[in-house]
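A short write-up of the structure that comes next.
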Amino acid sequence: MSRYTRTNKSNQGLHTKKSILLTIIMGALVLYSLLPLFWLFVNSTKTQAELLNSFGLWFSGPNALWDNIVATVTYNDGVFVRWFGNTLMYVVVGAGGATFLAALGGYGLAKFNFPGKKAVFAVVLGAVAIPGTALAVPTFLMFSQMGLTNTPWAVILPSLISPFGLYLIWTYALDAVPTEVLEAARMDGAGEFRTFFTISLKLLAPGLVTVLLFTLVATWNNYFLPLIMLSEPTWYPLTVGLKQWSNQAQTVGGDVIYNLVITGSMLTIIPIVVAFLFLQRYWQSGLAAGSVKA
Numbered sequence: 001m002s003r004y005t006r007t008n009k010s011n012q013g014l015h016t017k018k019s020i021l022l023t024i025i026m027g028a029l030v031l032y033s034l035l036p037l038f039w040l041f042v043n044s045t046k047t048q049a050e051l052l053n054s055f056g057l058w059f060s061g062p063n064a065l066w067d068n069i070v071a072t073v074t075y076n077d078g079v080f081v082r083w084f085g086n087t088l089m090y091v092v093v094g095a096g097g098a099t100f101l102a103a104l105g106g107y108g109l110a111k112f113n114f115p116g117k118k119a120v121f122a123v124v125l126g127a128v129a130i131p132g133t134a135l136a137v138p139t140f141l142m143f144s145q146m147g148l149t150n151t152p153w154a155v156i157l158p159s160l161i162s163p164f165g166l167y168l169i170w171t172y173a174l175d176a177v178p179t180e181v182l183e184a185a186r187m188d189g190a191g192e193f194r195t196f197f198t199i200s201l202k203l204l205a206p207g208l209v210t211v212l213l214f215t216l217v218a219t220w221n222n223y224f225l226p227l228i229m230l231s232e233p234t235w236y237p238l239t240v241g242l243k244q245w246s247n248q249a250q251t252v253g254g255d256v257i258y259n260l261v262i263t264g265s266m267l268t269i270i271p272i273v274v275a276f277l278f279l280q281r282y283w284q285s286g287l288a289a290g291s292v293k294a
């Protein structure tokens, strides 16, 4: 047996061992990620009594999933449906608006030169580093002076600002939108708005989907901002509303409805999963198309 053959077999054995190790690690990570979802589904099938007196990671008693779903959407005159509608409104207006504004700002910063551009770059980077919770209290004080607290605008307006989304579109547009294409469009008589909406937006699609996914998840899971901004339950999103249901067990005479809280939490994550599965194909196809140079 030649030295080359022995070396080749040795490398193949090493690669096999690495593949097995990586497979085990990936399997553990997948299990770690899916275990909370499995727990949520299993406990959504239990009644209140079974929920408190059974093993949390396996089914027990009769399947009460449908009864729990019906009870969740009808409890307290169907307020869960109202909270779902509020969350959907905050996501459509807030996340959609944040993505559109990030596209406008990021594209402009990437393709136009103007005085103070470096200062804007520094401000955007600084804004990315500031957590949203640090701005929640100052935002509340400002909105209270403007009379916007306890209104949907108190949640929507802060959601329209996405420094990370702006920075992501900025960096993506530098290479995704060739300057030559823009110059050719201008020579053909196309204005800046027409060029942006007919050419640039299509080229920015993968980046826009990425920003949309980030802002959608952030807005859907937003808890602290609505908590301090809203005092009227009719404007609550799902996150704050479900927490209110959970807190009922700690009040005198309050209903203990942990089974409805868990079922409502399961219903809450379904739209996020569906949106991600629907959008990721555009995301992946766009990234794959951008990786091939003409």
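Numbering (full-length UniProt numbering), first residue to last: 1 to 294. Note that CB positions come from ideal geometry on N, CA and C, so glycine has one too. Since we're looking at a predicted model, the values are computed, not measured.
Taking the straight line between their C-alpha atoms, what separation do you get for residue i and residue j?
i      : j      : result
ALA110 : ARG194 : 17 Å
SER159 : VAL274 : 21 Å
LEU51  : GLN244 : 19 Å
TRP58  : PHE38  : 9 Å
ASN113 : ARG186 : 16 Å
ALA122 : VAL91  : 28 Å
LYS117 : LEU104 : 15 Å
PRO226 : ALA154 : 8 Å
LYS177 : THR198 : According to the sequence as given, residue 177 is Val; it is not Lys. Their backbone Cα atoms lie some 12 Å apart in a straight line.
ALA184 : ARG281 : 31 Å
ASN53  : SER60  : 9 Å
VAL240 : THR268 : 12 Å
ALA173 : ALA205 : 10 Å
ASN247 : GLY254 : 8 Å
VAL292 : THR234 : In this predicted model, VAL292 has a pLDDT of only 42, less than 50, meaning its place in the structure is not dependable enough to derive any value.
LEU35  : GLY56  : 11 Å
GLY78  : MET142 : 33 Å
ALA64  : VAL70  : 10 Å
MET89  : PRO152 : 9 Å
ILE270 : TRP220 : 11 Å
LEU157 : GLY132 : 13 Å
ALA134 : ALA190 : 43 Å
THR23  : ASP175 : 35 Å
GLY126 : SER33  : 32 Å
THR179 : PRO115 : 20 Å
GLU232 : ASN68  : 26 Å
Buried or exposed: which applies to residue i, given that a residue is buried once 16 or more other Cβ atoms fall within 10 Å of its Cβ?
i      : result
SER44  : buried
LEU200 : Inspection of the sequence shows that residue 200 is occupied by Ser rather than by Leu. With 16 or more other Cβ atoms within 10 Å, it is buried.
MET229 : buried
ILE20  : exposed
PHE278 : exposed
ILE257 : buried
ALA49  : exposed
ALA28  : exposed
LYS202 : exposed
PHE196 : buried
THR149 : buried
ILE25  : exposed
PHE80  : buried
If you measure between the beta carbons of residue i and residue j, is that distance less than 8 Å?
i      : j      : result
LEU260 : TYR75  : yes
PHE224 : ALA129 : no
PRO163 : VAL120 : no
THR263 : THR139 : no
THR87  : LEU242 : no
Which residues in the same chain have their Cβ closer than 7 Å to the Cβ of residue i, if we skip the five residues on either side of it in sequence?
i      : result
PHE41  : MET266
LEU101 : LEU160
THR99  : GLY165, LEU208, VAL211, LEU212 and THR215
TRP83  : TYR236, PRO237, LEU238 and GLY241
THR47  : GLY61, ALA64 and ASN259
If you drop the 5 nearest sequence neighbours on each side, which residues of the same chain put their C-beta closer than 6 Å to that of residue i?
i      : result
LEU31  : none
ALA249 : VAL256
Here's a check: name, in chain order, each residue in its chain whose Cβ is nearer than 8 Å to the Cβ of residue i, leaving out the five neighbours to either side.
i           : result
residue 299 : As displayed, the chain neither begins before 1 nor continues past 294, which places residue 299 out of reach and without an answer.
Taking 8 Å as the threshold (beta carbon to beta carbon), is residue i in contact with chain D?
i     : result
GLY96 : Checking the listed chains, one finds no chain D in this structure; it contains a single protein chain.
Point to revise | the region 212–220 in contact with the region 90–98 per 3-pair CB rule at 8 Å | key: yes
Check your understanding: Between the region 165–182 and the region 197–211, do at least 3 Cβ pairs fall closer than 8 Å?
Key -> yes
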